[in-house]
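First up is the structure itself, then whatever we jot down about it.
Residue numbers (the working numbering): 1 to 105.
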C-alpha cells in the first residue's frame, strides 16, 4: 500500500493538528461512520490485549471481533509497519511517567 500520496499526507497532517481528545473525537465523528469508529476502537483494544498476552478467545469474546481479524492484528503487531508497537510503547511510557509523578510506581 502506498502511504505517500497527497491525500494520505494531507490526512496525516490534519490528524497531527489536534490538541486534545475532544477535538479528535469531533473530527472522527465527521470523517467516519459510528460503525467505522467502533471498528477502529475494537481493533486498537485487540492490539492492546494482544500486547498483554491475552488469549485470542478472550479477545474475540470481549471485542466481538472475529478470530480472523484478531489473528491479522496479531500478525501486524509482530510483522507490520511498526505502528502498533510505536503507539503501545509511547502509551506505556506515558502511563509509567504518570505513575512515577504520582508516586504510584
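Glycine included, every Cβ here is placed at the ideal spot set by N, Cα and C.
Inset, instruction - May I have the straight-line CA-CA distance separating residue 32 from residue 60, to the nearest angstrom? - result: 23 Å
Inset, instruction - In the DSSP assignment, find the alpha helix (DSSP H) that holds residue 18 and state where it starts and stops. - result: In the DSSP annotation of this structure, residue 18 is not part of any alpha helix (DSSP H), being labelled neither H nor E.
Inset, instruction - Please list, in chain order, all residues of the same chain as residue 18 whose beta carbon is under 8 Å from its beta carbon, the five residues on each side excluded. - result: 24 and 27
Inset, instruction - Taking residue 45 as part of the alpha helix (DSSP H), name the residues at either end of that continuous run. - result: 34-51
Legend entry - Span separating the alpha-carbon of residue 80 from that of residue 100: 31 Å
Legend entry - Same chain, Cβ closer than 8 Å to residue 70, neighbours up to 5 away in sequence not counted: 46, 50, 56, 59, 60 and 63
Legend entry - Cβ shell of residue 88 (< 6 Å), same chain only, five flanking positions each side left out: 51
Inset, instruction - Would you decide whether residue 8 is buried or exposed? Buried here means 16 or more other CB atoms lie within 10 Å of its CB. - result: Looking at its Cβ environment, which holds fewer than 16 other Cβ atoms inside 10 Å, residue 8 is exposed.
Inset, instruction - Using the Cα positions of residue 53 and residue 74, report the straight-line distance between them to the nearest angstrom. - result: 10 Å
Inset, instruction - Please classify residue 63: does DSSP put it in a helix, a strand, or coil? - result: Helix at residue 63.
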